[in-house]
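Sequence order for the protein chains is G and U. Sequential numbering from 5 applies to the first sequence in the working numbering. Sequential numbering from 6 applies to the second sequence in the working numbering. Glycine included, every Cβ here is placed at the ideal spot set by N, Cα and C. Note that the structure is a prediction, hence the values are computed from the model and not measured. Below: one structure, written as structure tokens.
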Amino acid sequence: RKEVEQDPGPFNVPEGATVAFNCTYSNSASQSFFWYRQDCRKEPKLLMSVYSSGNEDGRFTAQLNRASQYISLLIRDSKLSDSATYLCAVNMGLFYNQGGKLIFGQGTELSVKP
Amino acid sequence: NAGVTQTPKFQVLKTGQSMTLQCAQDMNHNSMYWYRQDPGMGLRLIYYSASEGTTDKGEVPNGYNVSRLNKREFSLRLESAAPSQTSVYFCASSNTEFSNQPQHFGDGTRLSIL
């Protein structure tokens with residue numbers, strides 16, 4: 005089993021749709037979780053951190069399910085500009101001991117169509 | 006806001022040539038990282054440095070060396086380039102003196118080995 009897994013997609017959705025991505029992780033000791041956005045092999049950019057209680061930023065909602073070891077990203081009212089690859093990132097144990105290392109999923113491609 | 010700066014942005018090498026990729030950050034981060042990204046493989050960690058003067062291997066260190074010159078700069082060296090090292094290379098930094106801190110990426114170096 006890979007340490008961090010994502011459905012590669014692509015997810016093709018119409019504008020205005022709601023879309024959700026999941027990311028599973030293997031290490032139950034993981035403490036830090038993030039969602040990144042990457043456009044056309046440009047640099048990954050932080051979209052949002054994922055907190056234990058869940059968190060929301062505008063149209064984006066992130067959730068953490070420790071029992072099932074996955075994080076999710078929900079995008080409401082999709083825009084054309086949301087088309088990108090979404091990467092999840094998870095640390096694999098005690099944050100300080102690992103030098104802040106993150107393991108990245110392979111990314112989920114989202115294409116929002118008019 | 007420079008953030009993380011990588012040079013060069015593009016480079017073409019012949020097999021067996023050597024070169025150094027440069028990375029500098031102005032965010033006073035203690036940890037820095039080098040990744041490579043290949044189609045279908047996601048981001049893979051080559052080396053990282055949790056503090057000035059320390060470096061550690063990541064997932065794919067073979068064929069590479071690194072130097073943490075000071076707190077700001079972290080360079081990646083290919084001693085004898087091989088076609089398998091054709092990739093997009095990203096440098097990142099993070100403030101791991103605090104927990105749950107994300108990594109911030111430079112805009113990448115696109116390297117082709119002929």
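Any idea what DSSP makes of residue i, helix, strand or coil?
i	result
residue 84(G)	helix
residue 48(G)	coil
residue 89(U)	helix
residue 113(G)	strand
residue 94(G)	strand
residue 107(U)	coil
residue 46(U)	coil
residue 89(G)	strand
residue 32(U)	coil
residue 18(G)	strand
residue 41(G)	strand
residue 14(U)	coil
residue 27(U)	strand
Exposed or buried, what is residue i when buried is set at 16 or more other beta-carbons lying within 10 Å of its beta-carbon?
i	result
residue 75(U)	exposed
residue 52(G)	buried
residue 47(G)	buried
residue 105(G)	buried
residue 85(G)	exposed
residue 63(G)	exposed
residue 13(U)	exposed
residue 79(U)	buried
residue 119(U)	exposed
residue 45(U)	exposed
residue 72(G)	exposed
Suppose contacts are defined by Cβ-Cβ distances below 9 angstroms. Is residue i in contact with residue j by that definition?
i	j	result
residue 10(G)	residue 27(G)	yes
residue 29(G)	residue 74(G)	yes
residue 95(U)	residue 53(U)	no
residue 114(U)	residue 36(U)	no
residue 38(U)	residue 63(U)	yes
residue 56(G)	residue 45(G)	no
residue 106(U)	residue 36(G)	yes
residue 82(U)	residue 25(U)	yes
residue 8(G)	residue 107(G)	yes
residue 78(G)	residue 89(G)	no
residue 25(G)	residue 112(G)	yes
residue 22(G)	residue 61(G)	no
So, at 8 angstroms on beta carbons, what are the nonlocal neighbours of residue i in its own chain, with the 5 sequence-adjacent residues on each side left out?
i	result
residue 50(U)	38, 39, 40, 63, 64 and 65
Who are the Cβ neighbours of residue i in its own chain at under 6 angstroms, not counting the five residues just before and after it?
i	result
residue 84(U)	23
residue 120(U)	Absent from the model: residue 120(U). The displayed extent of chain U is 6 to 119, so no value can be given.
residue 11(U)	28, 96, 111 and 114
residue 6(G)	none
With a threshold of 7 angstroms on Cβ separation, who are the neighbours of residue i within its own chain once the five nearest residues in sequence on each side are excluded?
i	result
residue 110(G)	10 and 12
residue 9(U)	28, 30, 96, 97, 98, 109, 110 and 111
residue 87(G)	114, 115 and 116
residue 87(U)	20, 68 and 118
(request) Scan the stretch 17–36 of chain G for residues whose Cβ lies nearer than 9 angstroms to a Cβ of chain U and list them as they occur along the chain. (result) 35 and 36
(request) Please name the residues in the stretch 52–76 of chain U whose beta-carbon is closer than 9 angstroms to at least one beta-carbon of chain G, in chain order. (result) Within the stretch 52–76 of chain U, the residues whose Cβ lies closer than 9 angstroms to any Cβ of chain G are, in chain order, 53, 54, 55, 56, 59, 61, 63 and 64.
(request) Check each residue of the stretch 55–72 of chain G: if its Cβ is closer than 9 angstroms to any Cβ of chain U, include it; give the result in chain order. (result) Look at the stretch 55–72 of chain G: the residues with a C-beta under 9 angstroms from a C-beta of chain U are 55.
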